[in-house]
Every structure is written in structure tokens, then in C-alpha cells.
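Chemist:
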Amino acid sequence: MTKSQIFFWLLIAFIAGVAAASFLPLGLPILWAVFVFGGAVAVFGIRQAAEREGIIVSGACLIVAAFGMFWFIRAASADLPLENALGKAITVEGVVVTEPRESARSQQLIVQDEATGARALVFARKFPAYRYGDRVRAKGEVRHPENFAEDFDYAAYLAKDDIYYVMSFPELSMLKHGGGRRAYAFLFSVKAQFSRTIERILPEPHAAFLKGLLIGERQSFSEELREELRRTGTTHLVALSGYNITIVGDNLLRLLRFFLMPFAAAFWVATAGIVGFVLLTGAQASVVRAAIMGLLVLVARREGRQYRMQNALAFAAFVMLLENPKILRFDVAFQLSFLATLGLVYGSPLFERWYDRARGRVLILLRDAGVLREHRGEREHRRRRSIVRETLTTTFGAQLFVAPLLVFSFGSISLVSPVANLFVLPMIPYTMFAGFVAALSGLAATAAGGAVGWIAWLLLEYELRIIGAFAAIPHAAIENRAVGFIVVFFLYSALAFWLWQRWRKARSTVRV
Numbered sequence: 001m002t003k004s005q006i007f008f009w010l011l012i013a014f015i016a017g018v019a020a021a022s023f024l025p026l027g028l029p030i031l032w033a034v035f036v037f038g039g040a041v042a043v044f045g046i047r048q049a050a051e052r053e054g055i056i057v058s059g060a061c062l063i064v065a066a067f068g069m070f071w072f073i074r075a076a077s078a079d080l081p082l083e084n085a086l087g088k089a090i091t092v093e094g095v096v097v098t099e100p101r102e103s104a105r106s107q108q109l110i111v112q113d114e115a116t117g118a119r120a121l122v123f124a125r126k127f128p129a130y131r132y133g134d135r136v137r138a139k140g141e142v143r144h145p146e147n148f149a150e151d152f153d154y155a156a157y158l159a160k161d162d163i164y165y166v167m168s169f170p171e172l173s174m175l176k177h178g179g180g181r182r183a184y185a186f187l188f189s190v191k192a193q194f195s196r197t198i199e200r201i202l203p204e205p206h207a208a209f210l211k212g213l214l215i216g217e218r219q220s221f222s223e224e225l226r227e228e229l230r231r232t233g234t235t236h237l238v239a240l241s242g243y244n245i246t247i248v249g250d251n252l253l254r255l256l257r258f259f260l261m262p263f264a265a266a267f268w269v270a271t272a273g274i275v276g277f278v279l280l281t282g283a284q285a286s287v288v289r290a291a292i293m294g295l296l297v298l299v300a301r302r303e304g305r306q307y308r309m310q311n312a313l314a315f316a317a318f319v320m321l322l323e324n325p326k327i328l329r330f331d332v333a334f335q336l337s338f339l340a341t342l343g344l345v346y347g348s349p350l351f352e353r354w355y356d357r358a359r360g361r362v363l364i365l366l367r368d369a370g371v372l373r374e375h376r377g378e379r380e381h382r383r384r385r386s387i388v389r390e391t392l393t394t395t396f397g398a399q400l401f402v403a404p405l406l407v408f409s410f411g412s413i414s415l416v417s418p419v420a421n422l423f424v425l426p427m428i429p430y431t432m433f434a435g436f437v438a439a440l441s442g443l444a445a446t447a448a449g450g451a452v453g454w455i456a457w458l459l460l461e462y463e464l465r466i467i468g469a470f471a472a473i474p475h476a477a478i479e480n481r482a483v484g485f486i487v488v489f490f491l492y493s494a495l496a497f498w499l500w501q502r503w504r505k506a507r508s509t510v511r512v
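When we follow UniProt numbering, the leftmost residue of the sequence shown carries the number 1, and every step to the right adds one.
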């Protein structure tokens with residue numbers, strides 16, 4: 001084994017340890033058993049000859065896996081300072097530590113108590129509106145979050161962000177404006193102004209859909225639009241995960257290359273686009289994690305050898321899980337980010353080969369039939385510059401990897417999802433780019449934003465009509481209650497085995 005391979009398997013062992021502790025009821029006895037057994041295996045390998053390197057690495061992997069289990073168990077064993085106050089009316093004074101989320105009739109604030117450091121999710125009336133950094137006083141009953149669905153652990157979802165308490169419509173009063181970090185306050189204010197600009201230059205529901213694409217804001221979605229997205233399996237478009245960030249970054253790079261921009265310049269422009277996107281959304285932790293995955297896709301395109309990305313992907317996942325191990329199970333955005341990145345790095349090259357093979361056969365048939373004449377030297381050039389090829393293969397690569405998770409996470413199986421996404425998803429990067437430029441122009445002058453915004457409106461109109469048309473098909477979606485974790489695990493295991501077989505075949509071909 002090379003040092004690079006050993007490093008990779010150690011990273012995988014840590015991730016596997018976190019995953020095992022996330023999904024299985026493991027305690028300290030099992031953790032210690034794995035640790036001791038791994039140590040014994042490593043010592044046995046060391047006492048043997050040098051050719052027993054695989055045994056040593058296996059033992060080291062078990063030790064690292066035990067550390068991954070410990071890391072998750074440690075994070076899940078939270079300090080709960082308000083336990084004695086459960087069910088009682090108390091007073092919490094603290095700062096709003098994230099951007100408030102608004103709904104039609106209320107707003108949700110995450111308030112960190114200054115005395116204990118505990119975080120509470122506070123449901124408040126819609127007015128007066130609060131902002132990030134506001135110091136507030138909340139008087140009311142505190143309780144633990146309750147799960148409202150059998151197939152979704154809402155309490156664990158909040159716990160991944162260290163939120164263990166809820167206060168419903170307490171007596172809320174403002175104490176002081178302008179707390180929190182100034183950088184975050186500035187970013188959130190820019191985001192709010194950006195959102196208002198979109199509302200000025202575009203009508204509804206186009207403005208709402210564009211805000212969902214660009215900044216993940218879904219508060220202004222109508223129930224009709226929500227239902228159409230659900231029935232067509234396109235809810236992921238507005239989930240603000242690494243799925244759309246990686247898709248946008250990759251397609252932006254390909255688009256710039258299509259217009260003959262030098263690769264080095266296109267790479268840095270696409271990188272700047274992803275960084276700007278993160279800043280625009282307030283640099284939230286989930287978006288930063290998604291952006292890291294998106295940047296890895298750009299690096300993979302620059303390197304040109306996808307299989308060399310395995311260490312970078314594993315290391316990125318390791319760092320993210322080291323920061324917060326609970327995201328592996330309870331953060332759908334992280335899951336989509338990682339899977340979409342895998343799809344773009346490893347899945348899209350497979351579809352590129354299939355596309356080229358199918359296109360070549362069609363061209364041969366057309367040429368033999370006398371319909372098409374071959375121009376020497378042009379076919380390969382057109383193939384490399386085919387934006388249709390790049391868009392379709394990118395779309396299918398990402399879809400292949402995220403489809404089982406989307407079915408499992410968003411509550412239904414959309415029978416029209418593959419076709420609907422085929423028509424809609426390739427246009428999303430251009431819609432986001434046009435909408436972003438229009439909104440930036442609108443920040444300077446509403447008239448300028450409106451003049452540029454008609455391009456974004458045309459793209460949004462197309463996408464909304466396609467989504468609406470597919471959603472109107474009878475029985476477009478069915479409930480996915482029968483699709484459980486075991487089924488999804490089996491699907492991803494089969495996908496991993498298939499990719500491993502393809503990798504072995506490609507590797508043996510290269511050696512020959």
C-alpha cells in the first residue's frame with residue numbers, strides 16, 4: 001500500500017465509525033471492544049514480517065473507527081443546563097444567533113441564553129420583526145422539541161445545531177440592537193436587500209422561485225408551488241444544498257470553457273462565483289460545507305483524473321465531521337452535497353462515455369443513410385465543445401447519486417421526476433446566473449434590474465411551466481412510506497459495488 005492509500009482508508013475508517021455510532025445504538029463497551037481488538041490486530045501485524053502491512057493498516061483502521069464512534073457519542077452527549085426548568089415559566093435573555101426564519105404567521109428565532117449558553121428555538125409572532133444580533137428577553141414555558149412525524153426525528157435534527165429547547169410564543173421584548181458578529185450582520189443585511197430587489201424586478205411566483213434558487217428562501221412560496229415541486233421531485237432545487245452549488249459551479253466552468261475562456265481563468269471565475277454565492281447566503285455552516293464540495297468538483301475538473309479525488313473528498317468529509325459529527329445522519333444538505341459531488345466526479349464521466357458512444361452510433365447511421373456528411377477534423381472538436389453533452393451528463397451524474405436520498409427525504413416518490421429534472425435541471429445554472437446579474441443590476445437601479453431581468457423571467461417561466469405541466473399529470477407522485485432506510489442503504493451499496501467494478505475494469509485497461 002502507498003501512503004496515499006493508507007491515508008484514504010484511515011479517513012474512511014473514521015467516517016465509518018461516525019456512521020456506525022450515528023445509526024446504531026452503540027455504547028462505550030462496544031467502542032472499547034473495537035479499540036482493543038484493533039490494537040491487538042495492529043500489534044499482531046507489527047510482530048509479523050514487513051509483508052503483513054495490510055494487517056497493521058486494518059488494526060489502525062479499527063482504532064480510528066473507534067475514535068469516530070467516540071467522537072459522535074461525545075457530541076451527542078450534550079450538556080443540558082435548563083433541564084430543571086422544563087415545563088416551567090422562565091426568563092431567557094440572550095442574542096439571536098442566526099438569521100430568523102419567517103412564515104406566513106410567525107417567525108422562528110434561535111436565542112442563546114447568556115447565563116447558561118443554552119440555545120432555544122423561539123416561536124414568535126410575525127411582528128415586530130427581529131434580526132440577527134438582536135438581544136432579547138423571552139418569558140415563557142421551556143420544553144424539549146417534539147417529533148411531529150414518525151419518519152422524521154425533529155428533535156435530533158435540531159440537536160445537530162445544539163438546540164435542545166423550544167419556547168412557543170413567549171412574552172418577547174427587545175433589549176438591544178446590533179449584537180452578534182458584524183461580518184454576519186452585514187452579510188444578512190445584504191441578503192435581505194438582495195431579496196427585496198428580486199421582489200421589485202420580478203413578478204410572483206417567479207420572484208419566489210428565484211429566491212429559492214439563489215438564497216434558499218422559501219417563505220414566500222405558495223402552497224400550489226410547494227405541491228408542484230413535491231409532485232415533480234424538484235424540491236431539491238430550492239434546498240440550498242451542495243446539489244445546486246456543485247451543479248452551478250460545474251456548469252459555470254463548462255460554460256466559460258464553451259466560450260473559449262482559458263481553463264485557468266474559467267476555474268478562478270467559477271471559484272469566485274461559488275465564494276460569492278456563499279457570502280450572499282450569509283455564509284451559513286451548511287452552505288459553507290456545500291461550497292467546499294462544489295470547489296472539489298472544480299478541482300477535479302482541473303486535475304482531469306477523477307479517481308485521484310478520493311483522498312480530497314474523504315478528507316473534506318473528515319474535516320466536516322470533525323467539526324460536527326451529527327450532520328452525517330441529520331443534515332440532508334450535507335448528504336446531498338456529498339452525494340452530488342460524488343455523482344459529478346465519478347458518475348458524469350460514465351455518462352459522458354455512454355453519450356459519446358450513442359452519439360457516434362447515431363452519426364454513423366445518419367451518414368450511412370446519406371442524411372449527414374462527415375467533415376474531417378470537426379466532429380471531435382464539436383464533441384469537446386458540446387454544451388448539450390456536458391449539461392446532460394452532469395445532470396444525469398448528479399441525479400444518479402442523489403435520487404435514492406431524495407426519495408427517502410422528501411416524502412414521496414415522483415414518477416415523473418427523472419423526465420421533469422431532465423427538462424428543468426440543465427437550465428437552472430443559467431437561470432441562477434441571469435437572476436444573479438439581474439438582482440445585482442437592480443441593487444444599482446431598479447430599471448437596470450428590470451431590463452436585465454427579462455432574461456431571468458423567460459427562464460423562470462419555462463421552468464415553472466414545465467414543473468406545473470408535469471405536476472398536473474395524474475398519479476405523478478406516490479407516498480414513499482415503503483421506502484425505508486434499509487432500501488436506501490441497499491441501493492447505495494449496489495451503486496458503490498457497480499462503481500467499484502467499473503473502476504477496477506478501467507484500472508486494468510490502463511495497465512494493459
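Even glycine gets a Cβ: it sits at the ideal position worked out from N, Cα and C.
What span of residues does the alpha helix (DSSP H) with ALA85 cover, start to end?
Modeler: Run containing ALA85: none; DSSP gives neither H nor E here.
Chemist: Suppose the cutoff is 8 Å on Cβ atoms and the five residues either side in sequence are ignored; what does the same chain contact list for LEU295 look like?
Modeler: Result list for LEU295: GLY249, THR271 and ILE274, in chain order.
Chemist: By Cβ distance, which residues of its chain are closer than 6 Å to VAL64, with the 5 residues on each side in sequence left out?
Modeler: Here the set comprises LEU10, ALA13 and PHE14.
Chemist: Quick one: residues in its chain with C-beta nearer than 7 Å to the C-beta of ALA19, no 5 flanking neighbours on either side, listed in chain order?
Modeler: The answer, listed in chain order, is LEU328.
Chemist: Using a 10 Å radius around the Cβ and a threshold of 16 neighbouring Cβ atoms, would you call MET167 buried or exposed?
Modeler: With 16 or more other Cβ atoms within 10 Å, it is buried.
Chemist: I'd like to confirm the pairing. Which residues does DSSP put opposite ARG52 in its beta bridges?
Modeler: Paired residue(s): none; ARG52 is not in a bridge.
Chemist: Looking only at its own chain, which residues have a Cβ that is under 7 Å from the Cβ of LEU109, when we skip the five neighbours before and after it?
Modeler: Excluding residues within five positions, the ones whose Cβ falls inside 7 Å are VAL96, PRO100, VAL122, ALA124 and TYR130.
Chemist: What residue does the beta strand (DSSP E) around ILE110 start on, and which one ends it?
Modeler: Start and end: 106-113.
Chemist: I need the straight-line Cα distance from ARG504 to TRP498, nearest angstrom please.
Modeler: Distance between the alpha carbons of ARG504 and TRP498: 10 Å.
Chemist: Could you check how far apart the C-beta atoms of LEU253 and PHE267 are, in whole angstroms? I think they sit under 8 Å.
Modeler: Right, their Cβ atoms sit about 7 Å apart.
Chemist: Using alpha carbons as the reference points, say which of ILE292, GLY276, ALA283 and VAL299 lies closest to ALA264.
Modeler: Per the Cα distances, VAL299.
Chemist: Please identify the residue among ALA40, VAL142 and PRO25 whose C-alpha is closest to the C-alpha of LEU80.
Modeler: Of the candidates ALA40, VAL142 and PRO25, the one whose C-alpha sits nearest the C-alpha of LEU80 is VAL142.
Chemist: Between GLY87 and LEU187, what straight-line distance do the alpha-carbon atoms span, to the nearest angstrom?
Modeler: Rounded to whole angstroms, GLY87 to LEU187 spans 37 Å at the Cα level.
Chemist: I need the straight-line Cα distance from TRP500 to TYR346, nearest angstrom please.
Modeler: Near 10 Å, if we compare the C-alpha coordinates of TYR346 and TRP500.
Chemist: Going by beta-carbon coordinates alone, are GLY343 and PHE401 separated by less than 8 Å?
Modeler: In contact: GLY343 and PHE401 (Cβ atoms closer than 8 Å).
Chemist: Let me know if ASP161 comes out buried or exposed under the rule of 16 or more other beta-carbons within 10 Å of its beta-carbon.
Modeler: By the neighbour-count rule (16 or more Cβ atoms within 10 Å), ASP161 is buried.
Chemist: State the Cα-Cα distance for the pair ALA120 and ALA398, rounded to the nearest angstrom.
Modeler: Computed Cα separation, rounded: 36 Å.
Chemist: Here's the rule: buried if 16 or more other CB atoms are within 10 angstroms of the residue's CB, otherwise exposed. What is GLY133?
Modeler: So GLY133 counts as buried.
Chemist: Can you tell which of ASN421, ARG357 and THR98 has its C-alpha closest to the C-alpha of SER286?
Modeler: Of the listed residues, the one whose Cα sits closest to SER286 is THR98.
Chemist: What residue does the alpha helix (DSSP H) around VAL136 start on, and which one ends it?
Modeler: No alpha helix (DSSP H) contains VAL136, which is instead part of the beta strand (DSSP E) from 135-141.
Chemist: Could you tell me which whole alpha helix (DSSP H) segments of length 4 or greater appear in the region 258-334?
Modeler: Those alpha helix (DSSP H) runs which fall completely within the region 258-334 and span 4+ residues are 263-280, 285-303, 310-323 and 327-330.
Chemist: For the region 144-199, which segments carrying the beta strand (DSSP E) assignment without a break, of at least 3 residues, lie completely within its bounds, in sequence order?
Modeler: Here the runs fully enclosed are 163-168 and 171-176.
Chemist: Mind reading off the beta-carbon distance from ALA314 to PHE8? Whole number of angstroms is fine, and I expect it under 8 Å.
Modeler: Contact holds; Cβ gap of about 6 Å.
Chemist: SER195 and GLU217: beta carbons closer than 8 Å?
Modeler: Yes, the pair counts as a contact, with Cβ atoms nearer than the cut-off.
Chemist: Going by other Cβ atoms of all chains shown within 10 Å of its Cβ, with 16 needed for buried, is HIS206 buried or exposed?
Modeler: Buried, because 16 or more other Cβ atoms sit within 10 Å of the Cβ of HIS206.
Chemist: Classify ILE486: buried if its beta carbon has 16 or more other beta carbons within 10 angstroms, exposed otherwise.
Modeler: It is exposed - the Cβ of ILE486 has fewer than 16 other Cβ atoms within 10 Å.
Chemist: Please report the straight-line C-alpha distance between ALA66 and VAL238, rounded to a whole angstrom.
Modeler: Spanning the two alpha carbons is a distance of roughly 37 Å.
Chemist: Whole angstroms are fine: how far does the CA of TYR355 sit from the CA of ARG389?
Modeler: When rounded, the distance between both Cα atoms is 7 Å.
Chemist: Using 8 Å as the cut-off, can you tell me whether the region 403-422 makes contact with the region 433-446, which would need three or more C-beta pairs spanning the two stretches below that distance?
Modeler: Contact fails: fewer than three Cβ-Cβ distances are below 8 Å.
Chemist: Quick check: ALA420 and ILE466, are their CB atoms within less than 8 Å of each other?
Modeler: Against a cut-off of 8 Å, the Cβ pair of ILE466 and ALA420 comes out as a contact.
Chemist: Return the Cβ separation of VAL34 and GLY59 in integer angstroms, given the expectation that the two are a contact with Cβ distance under 8 Å.
Modeler: Contact flag wrong, Cβ pair sits at about 11 Å.
Chemist: Do ILE473 and ILE413 have their C-beta atoms closer together than 8 Å?
Modeler: Cβ atoms of ILE473 and ILE413: not closer than 8 Å.
Chemist: Round the Cβ separation of LEU460 and PHE209 to the nearest angstrom and send it over; I've been treating them as touching at under 8 Å.
Modeler: With a Cβ gap of about 6 Å, LEU460 and PHE209 count as contacting.
Chemist: For my contact list, LEU213 and ILE428 are in at a C-beta cut-off of 8 Å; report their separation, rounded to the angstrom.
Modeler: Their Cβ separation, rounded to whole angstroms, is 7 Å, which keeps LEU213 and ILE428 in contact under 8 Å.
Chemist: Under three-state DSSP, which class holds residue 557?
Modeler: One cannot answer for residue 557 here, as it falls past the ends of the chain, which runs 1 to 512.
Chemist: Considering only C-alpha positions, which residue in the set SER348, MET174, MET293 and LEU322 is nearest to GLN335?
Modeler: Per the Cα distances, MET293.
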